[in-house]
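For the sequence shown, the working numbering begins at 345 and goes up steadily by one.
Step one of this worksheet: look at the structure below.
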Amino acid sequence: MAQSQSPDALNAKHRFKSSYWQYRTYTAGLLPALTFDGTLPNLNRSIDRITLPDGTDAFINRSLSNYSASMALTQNLKLTGGQIFLNSNIERIDIFGDSTQTSFLTSPLNIGLRQPLFAYNPYRWDKKIEPRRYTEAERRYQEDLEQVTITAINYFFELLNAQIAYQIQQTNRANNDTLYQIGKGRYNIGTIAENELLQLELSLLTSNAELETSALDLETKIFDLKSFLRIKDNEPLEIIPPAGITTLTIDAQKAIAEARSNRADAITFERRLLEAESNVNRAKLENRFSANLFAVYGLTQSSIRIKEAYKNPQEQQQLTVGIQIPILDWGLGKGKVKMAESNLELERTSVEQQMTDFDQQVYLKVSQFNIQRNQLRIAAKSDTVARKRYEVTKQRYLIGKIDIIELNIAQTEKDNARRGYFIALHNFWANYYEIRKQTLFDFAINKPIRFDINQITNLR
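Structure, rendered in structure tokens:
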């Protein structure tokens, strides 16, 4: 229920959807794009200055309209960082005066290339970075779902502990009431002192207050779990403790290997280094000689009639090579390169340290889990022993062999052992799912926890 409808699960799903569409945008940019561009129309009525054949200037009234339409197919070149395109254009001009003059200009087919030379190629780096970013998002989403599980476990055991505490207080209240009634009878016949009777009455009053407090805490924990699971009905909840525990033992080195292979952080480390290397490459290439090549070959024709504008087209060519050479920048380019190189080294150091911490966290969590099972067995045994001891102590008190102080101590130890068992049970399951989150590996079935995109709805 938590993984399908809790607020945390829904937030994780929307974060993944954002990453998914970011990746789809990247992949769409690798495909050919078809565009239409049109001007329908461009009207111009103005007084313009012109130069006459004799070299003098004059002002004339100009009145014209221009219509144009073009269709272009473009494809980005990942290997070179350039762009190749095909386009077809048509343009019409109407000059208004005593009579309207109309002419057409067509370019039935042009093929061209825009190509930076010796420049930074973003497509080359995006090809390395963006797939990793998307894989990182998939694994991060799976980790978020494991965190949802951990949060659900915490709410579950908080309610279970409140439920157990309430049951303990109910039992204690009933026991204290029985002991107080017996104590009054024994006081009336003079077998106990008034101080002991007052102690019994105080224990009863304390248990009444603690029962009310635990009842309120139980209602609060029920509300918290229902809110997290988005359960809207008013039905009461009863938590059933897990019947048993797994006998699984996890190998720390295997857990570390699976964490390095499966977790989002492992991909994050690679992506961060690639981004830093990309910035160094950009800074170096932008600090030296660069050139841009623009070349077009096509057909063109003009006529006063649209049909004739497509007959016997003439060839047209265009070639432009622009260059940029840094001569004097007062060390600006060199500074950018050094700063990018420094950031790369800083990133490498940071990643190495985080990978060490990453391995250490997994190792410690596995070590905690492997000893937690034994601690849980000890807690269960302690609970059983403490309850038996309390029953024995209670019977001995009823026959007058011990005083009220020993009975209160036995009751406190019984209650603490009961709570301690369920705290140990909580820690056991929380640690187990924390390891699943840190490794994205299910050690119970010995398989990685794989991402299933079908569990995300409304992606397309």
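Idealized CB from N, CA, C, for every residue including glycine.
Keep in mind that this is a model prediction, so the values were computed, not measured.
Legend entry - Backbone secondary structure at residue 788 - three-state DSSP: Indexing the sequence shown from 1 puts residue 788 at position 444. Three-state result, residue 788: coil.
Inset, instruction - Could you give the DSSP three-state label for residue 711: helix, strand or coil? - result: The sequence position of residue 711 within the sequence shown is 367, counting from 1. Helix at residue 711.
Inset, instruction - Select from 461, 768, 388 the residue whose C-alpha is nearest the C-alpha of residue 585. - result: The residue labelled residue 585 in the question sits at position 241 within the sequence shown. Of the candidates 461, 768, 388, the one whose C-alpha sits nearest the C-alpha of residue 585 is 768.
Legend entry - residue 617 vs residue 554 beta-carbon contact at 8 Å: The residue given as residue 617 occupies position 273 in the sequence shown. The residue given as residue 554 occupies position 210 in the sequence shown. No, the pair does not count as a contact, with Cβ atoms beyond the cut-off.
Inset, instruction - Return the first residue and the last residue of the alpha helix (DSSP H) that residue 487 is part of. - result: For the purposes of this step, residue 487 is taken as residue 143 along the sequence shown, with counting starting at 1. Residues 466-532.
Inset, instruction - Look at residue 353 and residue 489 and say whether their C-beta atoms are less than 8 Å apart. - result: Position 9 of the sequence shown, counting from 1, holds the residue named residue 353. Position 145 of the sequence shown, counting from 1, holds the residue named residue 489. Between residue 353 and residue 489, the gap from beta carbon to beta carbon is short of 8 Å.
Inset, instruction - Quick one: grab the DSSP three-state call for residue 753. - result: As a first step, residue 753 is located in the sequence shown; it is residue number 409 there, counting from the start. The answer is helix: DSSP assigns residue 753 an H, G or I state.
Inset, instruction - From the DSSP output, read off the bridge partner residues of residue 411. - result: As a working note, residue 411 is residue 67 in the sequence shown. BP columns for residue 411 point to 436.
Inset, instruction - Could you say which of 430, 375, 611, 410 lies nearest to residue 387 if we only look at CA atoms? - result: Counting from one through the sequence shown, the residue named residue 387 turns up at place 43. That would be 410, whose Cα lies nearest to the Cα of residue 387.
Legend entry - residue 570 versus residue 760: straight-line alpha-carbon distance, rounded: The residue labelled residue 570 in the question sits at position 226 within the sequence shown. The residue labelled residue 760 in the question sits at position 416 within the sequence shown. Using only the alpha carbons, I get a separation of about 27 Å.
Legend entry - C-beta atoms of residue 639 and residue 663 nearer than 8 Å: Counted from its first residue, the sequence shown places residue 639 at position 295. Counted from its first residue, the sequence shown places residue 663 at position 319. Cβ atoms of residue 639 and residue 663: closer than 8 Å.
Legend entry - Cβ distance (whole Å) where residue 810 is taken to contact residue 485 below 8 Å: As shown, the chain starts at 345 and ends at 804. That puts residue 810 outside it, with no answer to give.
Inset, instruction - Could I get the ranges of all uninterrupted alpha helix (DSSP H) runs contained in the region 581-612, with 4 residues as the minimum, in chain order? - result: Qualifying alpha helix (DSSP H) stretches, in chain order: 596-606.
Legend entry - Nearest residue (CA-CA) to residue 508, options 494, 384, 610, 562: Sequence index remark: in the sequence shown, residue 508 carries index 164 (1-based). The option with the nearest alpha carbon to residue 508 is 562.
Inset, instruction - Give a yes or no on whether the C-beta atoms belonging to residue 504 and residue 583 are separated by under 8 Å. - result: Here residue 504 refers to the residue found at position 160 of the sequence shown. Here residue 583 refers to the residue found at position 239 of the sequence shown. In this structure, residue 583 lies closer than 8 Å to residue 504 by Cβ.
Inset, instruction - Would you mind stating whether residue 775 and residue 725 have Cβ atoms separated by less than 8 Å? - result: The residue labelled residue 775 in the question sits at position 431 within the sequence shown. The residue labelled residue 725 in the question sits at position 381 within the sequence shown. No, these two residues do not count as a Cβ contact at 8 Å.
Inset, instruction - Would you tell me roughly how many angstroms separate the C-alpha atoms of residue 482 and residue 501, rounded to the nearest one? - result: Counting from one through the sequence shown, the residue named residue 482 turns up at place 138. Counting from one through the sequence shown, the residue named residue 501 turns up at place 157. Straight-line Cα distance between these residues: approximately 29 Å.
Legend entry - the region 525-539 touching the region 776-794, judged by at least three CB pairs closer than 8 Å: no
Inset, instruction - In angstroms with no decimal places, state the Cα-to-Cα distance between residue 703 and residue 697. - result: Locating residue 703 in the sequence shown gives position 359, counting from the first residue. Locating residue 697 in the sequence shown gives position 353, counting from the first residue. Straight-line Cα distance between these residues: approximately 10 Å.
Inset, instruction - Could you say if the region 648-656 and the region 465-473 meet the contact criterion of at least three C-beta pairs nearer than 8 Å? - result: no
Inset, instruction - Please work out which residues of its chain come closer than 7 Å, Cβ to Cβ, to residue 688, disregarding the five sequence neighbours upstream and downstream, and give them in chain order. - result: Against the sequence shown, residue 688 aligns to sequence position 344. Closer than 7 Å at the Cβ level, and outside the excluded window around residue 688, lie 620, 621, 624.
Legend entry - Coil, strand or helix - residue 537 by DSSP: Position 193 of the sequence shown, counting from 1, holds the residue named residue 537. Coil at residue 537, not helix or strand.
Legend entry - Proximity winner among 742, 765, 728, relative to residue 719 (alpha-carbon distances): Reading the sequence shown from its first residue, position 375 is the one you call residue 719. Across the set 742, 765, 728, the C-alpha of 765 shows the shortest separation from the C-alpha of residue 719.
Legend entry - 8 Å Cβ cutoff met for residue 417 and residue 429: Stepping through the sequence shown from its first residue, residue 417 is reached at position 73. Stepping through the sequence shown from its first residue, residue 429 is reached at position 85. Going by C-beta atoms, residue 417 is nearer than 8 Å to residue 429.
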